[in-house]
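Here the structure comes first, spelled out in structure tokens, and everything after it is commentary.
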Amino acid sequence: MNSKLVAIIFGGGGYRGAAQVGWLKGILPELVSRNIPIGYLGGASVGALNAGKLAEARTSQELLQKLRELETTWLNVEKQGPSSVFPLNKMKMILNFIHDKPFLDGKTLWDLLYNPLLAQIPFDTAQVVQSSIQLDIFMSDRSTGQQVIFSNRDPHIIQNPTIIAHAIVASCSISLFFPSIRIGEELFGDCGYIRLDRAIEAGCDTIIILLPYRENGNLDEPKGFASKLFAKIYTSYSSAVHELDREKIASGRRIAEEIEVIRQLQEEIRPLIWKKSKRNTIDEFFRQSLILLKDNPNLTKLRIIPLYITQQSETLTLYKFAKGDISRIIRDCEKTVEKNLKEILSM
Numbered sequence: 003m004n005s006k007l008v009a010i011i012f013g014g015g016g017y018r019g020a021a022q023v024g025w026l027k028g029i030l031p032e033l034v035s036r037n038i039p040i041g042y043l044g045g046a047s048v049g050a051l052n053a054g055k056l057a058e059a060r061t062s063q064e065l066l067q068k069l070r071e072l073e074t075t076w077l078n079v080e081k082q083g084p085s086s087v088f089p090l091n092k093m094k095m096i097l098n099f100i101h102d103k104p105f106l107d108g109k110t111l112w113d114l115l116y117n118p119l120l121a122q123i124p125f126d127t128a129q130v131v132q133s134s135i136q137l138d139i140f141m142s143d144r145s146t147g148q149q150v151i152f153s154n155r156d157p158h159i160i161q162n163p164t165i166i167a168h169a170i171v172a173s174c175s176i177s178l179f180f181p182s183i184r185i186g187e188e189l190f191g192d193c194g195y196i197r198l199d200r201a202i203e204a205g206c207d208t209i210i211i212l213l214p215y216r217e218n219g220n221l222d223e224p225k226g227f228a229s230k231l232f233a234k235i236y237t238s239y240s241s242a243v244h245e246l247d248r249e250k251i252a253s254g255r256r257i258a259e260e261i262e263v264i265r266q267l268q269e270e271i272r273p274l275i276w277k278k279s280k281r282n283t284i285d286e287f288f289r290q291s292l293i294l295l296k297d298n299p300n301l302t303k304l305r306i307i308p309l310y311i312t313q314q315s316e317t318l319t320l321y322k323f324a325k326g327d328i329s330r331i332i333r334d335c336e337k338t339v340e341k342n343l344k345e346i347l348s349m
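As numbered in this note's numbering, residues 3 to 349 make up the sequence shown, in order.
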């Protein structure tokens, strides 16, 4: 893997977000051992939570430590059960729906960052803003419905690091189910889908995308009124998000192909130009072409590596799981990556 800088982007998927821990356990040690730096982390929904924890790291070795802490949080969620984040209650959901309130109060999302029963080591926003790794949190402005990004590189977040924790919780706050999060004068919530352009602008030439759902879709058949109501709305929402994810990946791949075409043209044409001034003109032309293409003329290649869940589980869903599901998906995804690591890193 001849990469100068790697980006890791985390998609949304509820409890299936545990799969991202497994993939990382297979990939991160290899990147660290090869001294390949992580320059960018981006996350949507549960992916924002996972990306945020890793962004506390300031060195490669700290990345591995933060991954262990993140795994502990997920295993603690498994111990506490599905209600640790999604305490679905039929009567309460009906009453809240009648009174135009979210189904859940959102406290459990904060627990994932600060409750010692789940996060044994509280989330450290100060470390995140000091990190050498750029962190972007994808969410939506509730007043416009448009995607917005909060970053640890934003001046107002550097001055007030606690905002990044609010951004992570907002990114996890699915409309109808969790209340919106107020940051300043605006309300924010989950937007669900990923972006690749910021990673490209950050100079990353390899983008690994962790998507905790099956590539061909994964619809659940839940039992019980509350679960069916939750699933019907959430499945429709997820289908739209997955389609947006696919569009972003396709766009990234088109850019990668166009970069390769420009690079090859430059290599073929440049030797034919003998005059130095003309050669400089040609070089500038290609440089400007890359700027127009991706706002970063220094990249001469771009690789997009999406990973999807391949394991089938009837009990591990967006909002519920059975005993052993979380640890199993972590273990299975780690094994999948280890088995195919050479192929993945050569994609």
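No residue lacks a Cβ here, since even glycine has one placed at the ideal position from N, Cα and C.
Counting only runs that start and end inside the region 27-59, the beta strand (DSSP E) elements of at least 3 residues fall at 40-46.
Inter-residue distance for alanine 53 and proline 214 is about 14 Å (C-alpha atoms, whole angstroms). For isoleucine 165, the enclosing alpha helix (DSSP H) has its first and last residue at 164-174. Judged by DSSP secondary structure, arginine 216 falls within the beta strand (DSSP E) whose first and last residues are 208-216. Separation of glutamate 316 and histidine 158 (C-alpha to C-alpha, rounded to the nearest whole angstrom) is 44 Å.
Under the three-state reduction of DSSP, tyrosine 310 is assigned to strand.
For isoleucine 183, the enclosing beta strand (DSSP E) begins and ends at 183-185. Valine 150: member of the beta strand (DSSP E) spanning 149-153, first to last residue.
Isoleucine 38 and leucine 115 have their C-alpha atoms spaced approximately 28 Å apart.
If you ignore the 5 residues before and after glutamine 148, its C-beta comes within less than 8 Å of the C-beta of Ser142, all in its own chain and listed in chain order. Beta bridge pairing from DSSP links arginine 305 with Thr208. Assigned with DSSP and collapsed to three states, glutamate 188 falls in strand.
Taking one beta carbon from each stretch, the region 21-29 and the region 101-117 have fewer than 3 pairs nearer than 8 Å; the two do not touch.
DSSP places alanine 121 in the coil class of the three-state scheme, outside both helix and strand. Lysine 303 has its alpha-carbon roughly 24 Å from the corresponding atom of serine 62.
By the criterion of a C-beta distance shorter than 8 Å, isoleucine 331 is surrounded in its chain by Arg18, Ala20, Ala21, Gly24, Ile311, Gln313, Ser315 and Leu318, once the five residues flanking it on both sides are discounted.
Take glutamine 67, set aside five residues on each side of it, and no residue of its chain has a beta-carbon closer than 6 Å to its own. Per DSSP, the unbroken beta strand (DSSP E) holding leucine 137 starts and ends at 136-143. Here valine 339 carries a helix assignment [DSSP, helix/strand/coil].
In this structure, the alpha-carbon of leucine 69 lies about 34 Å from that of glutamate 187. Looking only at Ser348, Lys337, Lys94 and Ala242, the smallest Cα-Cα distance to glycine 28 is reached by Lys337. Per DSSP, alanine 324 lies in no alpha helix (DSSP H) segment and is marked neither H nor E. The distance from the Cβ of threonine 110 to that of serine 145 is about 25 Å, inconsistent with a contact at the 8 Å cut-off.
Residue range 8-12 is occupied by the beta strand (DSSP E) that includes valine 8.
Assignment of lysine 103 by DSSP, reduced to helix, strand and coil, places it in the coil class. In the DSSP assignment, arginine 70 falls within the alpha helix (DSSP H) that extends over 62-82. Under the DSSP assignment, arginine 200 falls in the alpha helix (DSSP H) whose first and last residues are 199-203.
The continuous alpha helix (DSSP H) containing isoleucine 159 extends over residues 157-161. Around the beta carbon of glycine 191, 16 or more other beta carbons lie within 10 angstroms, which makes this residue buried. With distances taken between CA atoms, glutamate 217 lies nearest to Gly13 out of Ala46, Ser5, Ala9 and Gly13. With contacts defined by Cβ atoms closer than 7 Å, leucine 309 and leucine 212 form a contacting pair. Following the DSSP letters along the chain, one finds valine 130 inside the alpha helix (DSSP H) bounded by residues 127-132.
Taking the Cα positions, leucine 43 is about 10 Å away from alanine 204.
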